[in-house]
Amino acid sequence: MSAETAQAGITRRRTVAYLGLSVLGACIGLLFLLPLWWAFVNSLRPGGDTFRYLNPLQWETFFTATPTLDNYATLLHSDLGLATLNSIIVSGITVVVGLAICSMAAFALAAIPFRGSGAVFIVVVVSFLIPFDAIAIPLANLFRDWNLQNTYAGLILPGLGNGMAIFLLRTFFLAIPKDLVEAGRLDGLGWWGIFRRIYLPLSVPSLIGAGLTLFLFQWQSYVWPLLNGTDAQHILGPIALSNMQGQFNVDYGVMFAGSMVLTLIPLAIIIAFQRYFIQSVSTTGLK
Amino acid sequence: MSPSQTTDRRAAAEGRAAFARPARRRRQAPLVAVAAAFLAPAFISLLVLRIAPAAVALWESLYRQSFLRGGTVFVGVENYADLFGNADFNNALLVTLLFSLVVNPLQIGAAFLLAVLYTRKAAGAKIWRSLVVLPIAVPPAVSAVVWSVIYRPDGLGNSFLSLLGLPAQPFLTSPQQSLASIMVLLSWIGVGYWMLFLIAGINDVPTELYEAASIDGASAWRKLWSVTLPLVRRPLAFVLVADTVSNFLIFAPVQILTKGGPSGSSNLLMYDIYTRAYTLGDLSKAQAEVIILVLLTLVIVAVQFRLLRSSDTA
Amino acid sequence: MKRKLLAATSLLAAGTLFLAGCSASSPNSGTAIGSEGSGTGTVNLLGPEDPATLAPVIAAFKAKNPDITVKYSQVPFDQLNPTLEQRLGAKDDTIDVYTVDQPRLSQLAAQGFLEDLSSLKGQTKAAVPDAQYSVNLYQDKLWALPVWNSTQLLFFNKKALNAAGVKYPSIDPAQRLTWEQVVKDGKAAQAAGTQYGLLLEQVESYYQLQPLAESAGGGSGITGDKMLTTDINNPGWEKAMQWYADTFSSGLSPRGVGGFQTSPIFTSGKVAYFVGGPWDIGNFAKSNIDWGVAPMPYFAGGSQATPTGSWSWGINPASKNKAAAKKFLEFASLDPAGNLSTTDATTIIPANAAATAQYLPKLEALGGDKTKGLAGLIAHENTETAKPRPVSVGYIQFEELMGKAFADIRNGSPVSERLKQAAQQINDAWKQL
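Chain order of the listed sequences is A, B and C. If you're matching positions, the first sequence starts at 676 in our numbering and goes up one per residue. If you're matching positions, the second sequence starts at 26 in our numbering and goes up one per residue. If you're matching positions, the third sequence starts at 93 in our numbering and goes up one per residue.
Here it is in structure tokens:
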């Protein structure tokens, strides 16, 4: 067997693998999309037709020949616009401030050898074992005493310190070689400099992951804003969506249209940040 | 990263042996101060906004409220004793443990395989993997509605089964299938999210390692097992712990789809807590249940940490 | 490891102390509990309705009382109770008037979350049907004023009945169908090609299933002079629930379809008989199918019973503007024009008797020919067959646990055992009271 045919064999095998993986990846991706696609199609249909084409399967189950934007037009008369804006404000501030304080904490736990770091870490872990919805009632009582009810601060504060984000960042920070810290120190960098100039730039993927965690906590926030006495001015997305359901009837067409609006923004974020996932420690020339 | 830093690295490594020890001793006090400064904002917010209300829960779980008799009475561990004497609670505990035992390995395994798949060279990998991540962005109430349509006896699920020539399934209306149905729905929501962290980890694995393994003639499985897996150990550990915890805190789909039924077969602890606190208004017993849930999670997470540590040294 | 644990526990302990201090101090912070106020200014109203629904009553009130502004905030229905519990419990004075789900009234009153309105007893008794007066009483005091009322009707799909050669049921309450007949006709319709024979709108709710048990002679399920004794294991309850279970096991009704997904099944023509509320009429009128309406059935040989009750509105004792709040409340409930305006933008029966008389013809007109005679039927049900839900401080626990039992029975749990289990669960939950 000559070297050339072996080479050709490898190339052919690679092409087959490439095609196979592409098809498999596409199938799985589309399978995950399917339930959401169904909701999307029904957002283009009058609510009364939502359950019409379920069984047996037919092309109308997943497509519609007569799409209408009526459901989206209905949304214009609801609070959803204001609510989405509020959700963006609350989630945006939470991500920026939350990432700052969580990455600082994670840095302290991962890079600074200090006595008691184990105990602090235990507190961090315990804090994310505590179901937030279960402690929301006592917390809402505290917020009332502090006059934080029905304020943006009251909505944002509970999302800032996120044990899971700290845990995540610490995990990835630990993978950064300690040599770099020493090197940074010799370069005259202080701890802040090491954090800013070495750790943060090397941790973009995990920062995005932590940011997503912080974002979703606020984006899906539902019980807390209500307990905290949120009024129509401070209304958030999930509450506006839920408000669209009547007591006796739900217009699923409108509800799905609303949920598409609320899904669109995280989707844009996820897609926008995809390319940063390529960037990582290995590609920045470090092993 | 600037070149000067990289060149200094060796010097640092050499120098460390010489003065790291005395230097550390000298810096002992400031180190704690520096760490405290970095930690303070997050740590205080966790203490005040998570630990403190949980402590209130702990405190209140020792009391009992009675608005008919008025006021609260200290009852010690009676709320806990009542819970453990209650068949429904014990069932919820059992269901939760079973759920956790099955759903976590399932999700993590799926997330890992998907992460491997979507980091291979393939057409449109980034688009497809965005689709897998997408469900996490859907409002939970809407996910539940869509899946209720899939699981309806005349719904999409059975339509697909009949297309494949399979018999119709009862899904959520059967005590044998309801928990499994919830697991599938939760995996649809969560697997892509956990996959993201593993992708971040896999991208950190230097490509030369794979090339070296390929030259050695290692099979794809072998590479997966002996190159990828050990190198994504850290993100995998995070995903394991975080996924386990998240799954303990699930209640929205249960609330919307099954209300814990049929016959308590999908009555997860967190949903039980939610109904007890918000629907039945039995706050003190709900708080006792929260404490039990937190302790249970803590034990399992502690075991996971221990296992991870010992596998580290092995 | 031990040291770390110790550190963590001591931290927790410190937290507990800090909090114990907090929770001890919080009751003192709300010293002044509410006041009458000036009788002018802003009244904050909280409820689960779409703001558009309440806009007409708010505007009508403003026209009569230019110095009072009513500000409405909406809370999603599924979170209304927890939200109220928390905010009223914390003496939140940003709620003046709020909507009270009628069966929860006794618990809210017992918790001190409602202002005593007994001075309006005489006026209220005169203005509303008896069942709507009594549901607002707890320990002989009046705690809220009724705003809306409800009932249940039997809707039928004409095409499905035609195909099976079944005669349309009459709207005349004297010719009310029996459940036995409904099952027979429903099965005939299924044989003639309709997918399902019968469907109840709120498949797992006590509100809609109570009349089954009442009709079979089982009573409401709660007895005793304190109304804290369960009575759901009697032959009446077992008969009603066995009948209900059979409608699902025989395939007459679909399992696994719940919540708000039931009425679309009727409008897509897949079910012959549908038990629903007046609120369905608007949507059904817009749909493509041909339908009619008849009285809610009863068991052969049993009594005739229909659900009733809806929302009352009450005043938060911590309100700083009670005088104005009371004015608004009286307008929305006791003033016929005011009460009628609460139904301008929605399909629901007003509680005020004079308003009902004006409203029902409008409702009847909404369905055109299909609902001819509806006004007379609803008026009849309101006064003759309406069975209010039991007034008990334990109703909330009862309803929740019964809901789970209904769901299980629907999915095939043995009826008698499941009811026994429910009784035990309810007694267990009532122990905390």
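Even for Gly, the Cβ is constructed at its ideal location relative to N, Cα and C. As the structure is a computational prediction, the values presented were derived from the model and not from experiment.
Beta carbon of Gly756/A nearer than 8 Å to that of Ser802/A: no
N-terminal and C-terminal residue of the beta strand (DSSP E) that Tyr288/C is part of: Tyr288 to Leu292
Determine the contact status of Arg177/B and Val349/C, defining contact as a CB-CB distance below 8 Å. yes
Confirm, please, whether the CB-CB distance from Leu308/B to Ala302/B is below 8 Å. The Cβ atoms of Ala302/B and Leu308/B lie closer than 8 Å to each other.
Are the CB atoms of Leu156/B and Phe707/A nearer to each other than 8 Å? yes
Which bits of chain B does Phe842/A rub up against, with CB to CB less than 8 Å? Phe263, Val266 and Ala267
Entirely within the stretch 252–324 of chain C and at least 3 residues each: give me those beta strand (DSSP E) ranges in chain order. 288–292
Proximal chain C residues relative to Phe196/B, where beta-carbon distance stays under 9 Å: The answer, in chain order, is Gly348.
Cβ of Ser955/A within 8 Å of any chain B Cβ: Low local confidence applies: a pLDDT of 48 at Ser955/A is under 50, so the model's placement there is unreliable, and no value is given.
Compute the distance between the beta-carbons of Trp235/C and Ala201/C, then report whether it is under 8 Å. yes
Run down chain B in chain order and give the residues with a C-beta less than 8 Å from the C-beta of Ser505/C. By Cβ distance, chain B contributes Pro287 and Ser288.
Run down chain A in chain order and give the residues with a C-beta less than 7 Å from the C-beta of Gln353/C. From the beta-carbon of Gln353/C, the residues of chain A found nearer than 7 Å are Phe726.
In whole angstroms, give me the CA-to-CA distance for Tyr143/B and Ile175/B. Rounded to whole angstroms, Tyr143/B to Ile175/B spans 27 Å at the Cα level.
Minimum Cβ-Cβ distance from Val795/A to chain B less than 8 Å: yes
Under DSSP, the beta strand (DSSP E) around Asp193/C begins and ends at which residues? Val189 to Asp193
Can you check whether the C-beta of Arg860/A is within less than 8 Å of a C-beta belonging to chain C? no
With a cut-off of 8 Å, does the C-beta of Val929/A fall near any C-beta of chain C? no
Tell me which residues of the stretch 95–109 of chain B have at least one Cβ-Cβ distance to chain C shorter than 7 Å, keeping chain order. Hits within the stretch: zero.
Which residue from Thr905/A, Gln893/A, Leu804/A and Leu916/A puts its Cα closest to that of Ala327/B? Leu804/A
For Tyr88/B, the three-state DSSP class (helix, strand or coil): Assigned with DSSP and collapsed to three states, Tyr88/B falls in strand.
Identify the continuous beta strand (DSSP E) that holds Trp403/C and give its terminal residues. Per DSSP, Trp403/C belongs to the beta strand (DSSP E) from Trp403 to Ile407.
Just the chain A side, please: which residues come within less than 7 Å of Val167/C by C-beta, in chain order? Leu901
Apart from the five residues just before and just after Ala311/B, which ones in its own chain have a Cβ nearer than 7 Å to its Cβ? Ile298, Arg301 and Ala302
By the DSSP assignment, the alpha helix (DSSP H) with Phe726/A in it spans what residues? Element bounds for Phe726/A: n/a, residue is neither H nor E.
Kindly examine the ligand NAD and report whether one of its heavy atoms sits closer than 7 Å to the Cβ of Ile805/A. The ligand NAD is absent from the structure shown, which contains no ligands of any kind.
How far does the alpha helix (DSSP H) with Asn519/C in it extend, from its first residue to its last? Val507 to Trp522
For Ser230/C, three-class secondary structure by DSSP: First, the amino acid is wrong: residue 230/C is Tyr here, not Ser. Of the three classes helix, strand and coil, the one that applies to Tyr230/C here is strand, per DSSP.
Interface partners of Pro356/C on chain A, CB under 7 Å: Gly723, Thr725 and Phe726
Spatially closest choice to Arg268/C from Tyr487/C, His472/C, Lys512/C and Lys523/C, by CA coordinates: His472/C
Assuming Trp383/C is part of the beta strand (DSSP E), what are its boundary residues? Trp383 to Pro387
Quick one: grab the DSSP three-state call for Ser29/B. Residue placement at Ser29/B is poorly supported in this model, since its pLDDT is 42, which falls under 50; the coordinates are not used for a value here.
Identity of the residue in Asp372/C, Arg347/C and Pro346/C nearest Ser355/C by Cα: Asp372/C
When the cut-off is 8 Å and only beta carbons count, does Asp745/A lie next to chain C? no
Val170/B versus Ser778/A, Thr938/A and Leu711/A, residue with shortest Cα-Cα distance: Leu711/A
Less than 8 Å between the beta carbons of Gly904/A and Thr186/C, yes or no? yes
Apart from the five residues on each side of it in sequence, which residues of its chain come closer than 7 Å, Cβ to Cβ, to Arg510/C? Ala497, Asp500 and Ile501
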